[in-house]
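**Q**
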Amino acid sequence: MEFYLTALVLGLCLASMSLGIFISMKIFRIPDITTDGSYTLGAVLTAILLTHHCSAMLIIPAVLLAGALAGMVTGIIHTFVKIDALLSGILVMTALYSINLTLLGRSNLPLLDVQNIFSSLTFFSASVFNNLALGFVFISLITGIMAYLLRTDFGIAMRATGNSEPMTRALGINNNKMKVIGLAMANALTALSGYLVAQYQNFTDINMGIGIVITGLGSVLIGEALIKWWNIRSILWQLVVVVSGSILFQLVLAFTLSIGVDPNLLKLVTAAFVLLIVLIPRLKKSE
Amino acid sequence: MIELQNISKVFHKGQVNEVCALTDLFLTIQKEEFVSVVGANGSGKTTLLNIISGAVLPSSGRIRITETDVTRLPEYKRSRWIARVFQDPLKGTASELSILDNFRLAAIRTQPKNLIIGINDVFKKKVRDSIATLGMGLENKLEQAIGTLSGGQRQALTLLMSVMDDTQILLLDEPSAALDPRSATLILKTASELISQYKLTAILITHNLKEAQLYGNRLLQMSEGKIVRDVSEEEKKRLPLSEMYAWFDI
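In order, the protein sequences belong to chains A and B.
Mapping to the working numbering: the first sequence position 259 is 259, numbers consecutive.
Basically the working numbering = 1-based index in the second sequence + 1000.
(1) Mind reading off the beta-carbon distance from A:Ser24 to A:Ala186? Whole number of angstroms is fine, and I expect it under 8 angstroms.
(2) Please identify the residue among A:Ser164, A:Met93, A:Val274, A:Pro263 whose C-alpha is closest to the C-alpha of A:Gly245.
(3) Can you find a C-beta in chain A that's less than 8 angstroms from the C-beta of B:Leu1115?
(4) Contact criterion: CB-CB distance below 8 angstroms. Does A:Leu141 meet it with respect to chain B?
(5) Any beta carbon from chain B within less than 8 angstroms of A:Leu275's own beta carbon?
(6) I want to verify the contact list: residues of chain B whose CB lies under 7 angstroms from the CB of A:Asn163, in sequence order.
(7) Would a check of beta-carbon distances place A:Met185 closer than 8 angstroms to chain B?
(8) Would you mind working out which of A:Leu141, A:Leu150, A:Leu253, A:Ser119 sits nearest A:Gln201, comparing C-alpha positions?
(9) Between the C-alpha atoms of A:Met57 and A:Asp262, what's the straight-line distance to the nearest angstrom?
(10) Apart from the five residues just before and just after B:Asp1230, which ones in its own chain have a Cβ nearer than 7 angstroms to its Cβ?
(11) Please confirm whether A:Thr152 has its beta-carbon closer than 8 angstroms to some beta-carbon of chain B.
(12) Anyone know if the C-beta pair for B:Gly1096 and B:Gly1147 falls short of 8 angstroms?
(13) How is the beta strand (DSSP E) around A:Ser127 delimited, first residue to last?
(14) Between B:Asp1180, B:Ala1021, B:Phe1034, B:Ala1246, which lies nearest to B:Gln1197 when the distance is taken from Cα to Cα?
(15) Do the segment 118–135 of chain A and the segment 65–75 of chain A meet, that is, are 3 or more Cβ pairs less than 8 angstroms apart?
(16) Consider the Cβ of A:Met167: report whether some Cβ of chain B lies at a distance smaller than 8 angstroms.
(17) Which residue wins for smallest C-alpha separation from A:Phe138, given the options A:Arg29, A:Phe123, A:Tyr4?
(18) Starting from the N-terminal side, write out each stretch of the alpha helix (DSSP H) that is 4 residues or longer and does not extend beyond the segment 1119–1147 of chain B.
(19) Can A:Asp153 and A:Met93 be called in contact, C-beta distance under 8 angstroms?
(20) Is the closest heavy atom of the ligand COA to the C-beta of A:Met1 under 7 angstroms?
(21) For B:Cys1020, write down the residues that DSSP places opposite it in a beta bridge.
(22) Using 10 angstroms around the beta-carbon of B:Gly1063, count the other beta-carbons present and answer buried if the total reaches 16, otherwise exposed.
(23) Just the C-alpha distance for A:Ala62 and B:Ser1162, rounded to the nearest angstrom, thanks.
(24) Below 8 angstroms on C-beta distance, what does A:Leu149 contact in chain B?
(25) Compare the C-beta of B:Ile1007 with all C-beta atoms of chain A and state if any pair is closer than 8 angstroms.
(26) Write down every uninterrupted run of the alpha helix (DSSP H) in the segment 4–83 of chain A whose length is 4 residues or greater and which is fully enclosed by it, in chain order.
(27) Compile a chain-ordered list of the residues in the segment 1054–1077 of chain B whose CB is closer than 9 angstroms to at least one CB of chain A.
(28) Tell me whether A:Pro281 sits in a helix, a strand or coil according to DSSP, three-state version.
(29) Give every residue of the same chain whose Cβ lies closer than 6 angstroms to the Cβ of A:Gly11, excluding the five residues on either side of it in the sequence, and list them in chain order.
(30) Mind checking which residues open and close the beta strand (DSSP E) that includes A:Asn108?
(31) Can you find the residues in the same chain that come closer than 7 angstroms, C-beta to C-beta, to A:Phe203, ignoring five residues on each side of it along the sequence?
(32) Under a three-way DSSP split, which group does B:Arg1218 fall into?
(33) Go through its chain and collect everything with a Cβ distance to B:Lys1013's Cβ below 8 angstroms, but skip five positions before and after it.
(34) Could you tell me which of A:Val243, A:Tyr195, A:Leu196 sits nearest to A:Gly218, measuring between CA atoms?
(35) Do B:Ile1169 and B:Trp1081 come within 8 angstroms of each other at the CB atom, strictly closer than that value?
(36) Could you name the residues of chain E that B:Glu1143 contacts, counting a contact when the two beta carbons are closer than 7 angstroms?
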């Protein structure tokens, strides 16, 4: 049972990144590989600041800002230098690897004896329920803020940009600026996942971000399938479904491990699972 | 209202596929003029429209809109005067957004897009009333994604959207080309009504000579990047369709 609860908390921690991928992939239709780097960046900053006895709460703005900067660089390379979005993301992700390694100074940093966000707030005495409650409150807050943002005039403009660029240009929207802001938001959310996971796992590893974008994509794809299935129009519910997608994804991985699949094959299983999610709606269509 | 001075536009300059889309073009359009533009494919009609809207910047020459020099102003900034209806009904609206969201964006075309929720009951009522004038029954589908509507319906909504905010210039790029004859008539009739109601300066590009004869109070014919005929309202009224067809005979 506790095994699945752990997966549930991890799903909540990674949900922030899934919301970020929802912005880049679903709203802007940009497959943003920067994610791998900005996720680790969030975790690295968290580790460094925590070991320097910074309060966990005060680290949040720093992590958000760092992630946003990474996203902005990708956005600027893509829109102003006019390089393909995928390549821009790969460039920034690669550069971030060195930056992360330089910042961290070594390949991993345990965070065992520092006060972190999970230990600083107490809702329940049992640690697993406490973690769950904290993850839930945190993600609810982010989901709420995002839902509000996407319903404002600015949010509508953002959602329209990915739909029809000729239209948004004609309606006075600077598409390039919008994409840079969107990618900044997406990567700020991703870095926040790095922040949460580092504290949840009690360590930061330089390689923890490798392939993490697939997890986010998988969650968004699960979410998208459900959004189409139930024909969800409300933005808030769409975001809730993406969060659920993230949790579901981790539960499936936990299940795979529990039936005795070699943990070394976890990335293979992840990739296969995402492929499966993509394939199912197509198989249904061809019927 | 709109002044084009000595405009030239060359695509792929210096390459084998170099195209002179517009050559030394002069054009002045007065306030509240409704200009129809005809011309063969590749005559520069769409480039002319794109030059005015800012989607394409000219290779040389100057453009002024209401006395302001806009030659280097990007399209999204010129939107404070200009509303557009595209040939492709899919371009003018955001498919995944609801009718309401699309109208909200159009209603703040000339304004900054702020972090406030602008869709309230007053706004909903305004949109509902506006859409009801079309008589398509769409006023009860405000929350529906606009992508689920037909091309004709989307084009009609794009037209209504163009006057949601303060508009001075309306650019219509073959708005009825992708539609069936009935929808095409409805679109042009609606456009023409909106143009006179809101006292807009308008340019209509069309391949349909009948449309060109019926709508607008000035008629231009373009050929090889130049304006070769400029017909005033008086002359246009007396101009038989057969003579217009003859313009296109080689």
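For glycine and all other residues, C-beta sits at the position ideal for the given N, C-alpha and C.
What you are looking at is a predicted structure, and each value in this text was computed from that prediction instead of being measured.
**A** Based on what the coordinates show:
(1) As a position in the first sequence, residue 24 of chain A is number 24, starting the count at 1. As a position in the first sequence, residue 186 of chain A is number 186, starting the count at 1. The distance from the Cβ of A:Ser24 to that of A:Ala186 is about 4 angstroms, consistent with a contact at the 8 angstroms cut-off.
(2) Within the first sequence, the letter at position 245 stands for residue 245 of chain A. For the residues A:Ser164, A:Met93, A:Val274, A:Pro263, the minimum Cα distance to A:Gly245 belongs to A:Val274.
(3) Taking the second sequence and counting its residues from 1, the one referred to as residue 1115 of chain B is at position 115. Closer than 8 angstroms to some Cβ of chain A, the Cβ of B:Leu1115 qualifies, so yes.
(4) Counted from its first residue, the first sequence places residue 141 of chain A at position 141. It does not: the Cβ of A:Leu141 has no partner Cβ on chain B nearer than 8 angstroms.
(5) What you label residue 275 of chain A is simply residue 275 of the first sequence in a count that begins at 1. Output row for A:Leu275: interface = no.
(6) Within the first sequence, numbered from 1, the residue matching residue 163 of chain A stands at position 163. The answer, in chain order, is Ala1094, Ser1095, Glu1096, Leu1097.
(7) Mapped onto the first sequence, residue 185 of chain A falls at position 185. By this cut-off, A:Met185 is not an interface position.
(8) Counting from 1 along the first sequence, the entry for residue 201 of chain A is found at position 201. Looking at the Cα atoms, A:Ser119 is the closest of the given residues.
(9) Indexing the first sequence from 1 puts residue 57 of chain A at position 57. Indexing the first sequence from 1 puts residue 262 of chain A at position 262. For A:Met57 and A:Asp262, the distance between alpha carbons rounds to 37 angstroms.
(10) The residue labelled residue 1230 of chain B in the question sits at position 230 within the second sequence. Contacts found: Leu1220.
(11) Within the first sequence, residue 152 of chain A is the residue found at index 152, counting from 1. At least one chain B Cβ lies under 8 angstroms of A:Thr152.
(12) Here residue 1096 of chain B is taken as the residue at index 96 of the second sequence, counted from 1. Here residue 1147 of chain B is taken as the residue at index 147 of the second sequence, counted from 1. One point to set straight first is that residue 1096 of chain B is Glu, not Gly, in the sequence displayed. Yes; because the gap between Cβ atoms is below 8 angstroms, this pair is in contact.
(13) Taking the first residue of the first sequence as position 1, residue 127 of chain A is located at position 127. Taken as a continuous stretch (DSSP letters only), A:Ser127 belongs to no beta strand (DSSP E), being part of the alpha helix (DSSP H) at 127–151.
(14) Position 197 of the second sequence, counting from 1, holds the residue named residue 1197 of chain B. Selected option, being the one with the closest Cα: B:Phe1034.
(15) no
(16) Taking the first residue of the first sequence as 1, we reach residue 167 of chain A at position 167. Taking Cβ atoms only, chain B reaches closer than 8 angstroms to A:Met167, which makes this a yes.
(17) Translated into positions along the first sequence, residue 138 of chain A becomes position 138. Closest by alpha carbon: A:Phe123.
(18) Correct list: 1121–1132.
(19) As a position in the first sequence, residue 153 of chain A is number 153, starting the count at 1. As a position in the first sequence, residue 93 of chain A is number 93, starting the count at 1. Contact: no.
(20) Summarising the ligand content, the structure contains no ligands, and the ligand COA is consequently not present.
(21) Counted from its first residue, the second sequence places residue 1020 of chain B at position 20. Per DSSP, B:Val1010.
(22) Numbered from 1 along the second sequence, position 63 holds the residue referred to as residue 1063 of chain B. The displayed chain sequence assigns Ile, not Gly, to residue 1063 of chain B. The residue in question, B:Ile1063, is buried, as its Cβ has 16 or more Cβ neighbours within 10 Å.
(23) In the first sequence, the residue the question calls residue 62 of chain A occupies position 62. In the second sequence, the residue the question calls residue 1162 of chain B occupies position 162. Taking the straight line from one Cα to the other gives about 43 angstroms.
(24) Walking along the first sequence from the start, residue 149 of chain A turns up at place 149. Ordered by position in chain B, the residues that pass the 8 angstroms Cβ test against A:Leu149 are Leu1115.
(25) Position 7 of the second sequence, counted from the first residue, corresponds to residue 1007 of chain B. Closer than 8 angstroms: no.
(26) 34–51, 56–79
(27) Of all residues in the segment 1054–1077 of chain B, Gly1054, Ala1055, Pro1074, Glu1075, Tyr1076, Lys1077 have a Cβ within less than 9 angstroms of some Cβ in chain A.
(28) Looking up residue 281 of chain A in the first sequence gives position 281. Residue state, collapsed to three classes: helix.
(29) By one-based count along the first sequence, residue 11 of chain A stands at place 11. Answer for A:Gly11: Ser246, Ile247, Gln250, listed in chain order.
(30) Counting from 1 along the first sequence, the entry for residue 108 of chain A is found at position 108. Note, A:Asn108: beta strand (DSSP E), 108–110.
(31) Locating residue 203 of chain A in the first sequence gives position 203, where the first residue counts as 1. Only Asn108, Leu109, Pro110, Leu111 meet the Cβ criterion.
(32) Within the second sequence, residue 1218 of chain B is the residue found at index 218, counting from 1. DSSP places B:Arg1218 in strand when its eight states are reduced to three.
(33) Residue 1013 of chain B sits at position 13 when you count from the first residue of the second sequence. So the qualifying residues of the chain are Ser1059.
(34) As a first step, residue 218 of chain A is located in the first sequence; it is residue number 218 there, counting from the start. The option with the nearest alpha carbon to A:Gly218 is A:Val243.
(35) Taking the second sequence and counting its residues from 1, the one referred to as residue 1081 of chain B is at position 81. Taking the second sequence and counting its residues from 1, the one referred to as residue 1169 of chain B is at position 169. Yes. Within cutoff.
(36) Among the protein chains of the structure shown, namely A and B, there is no chain E.
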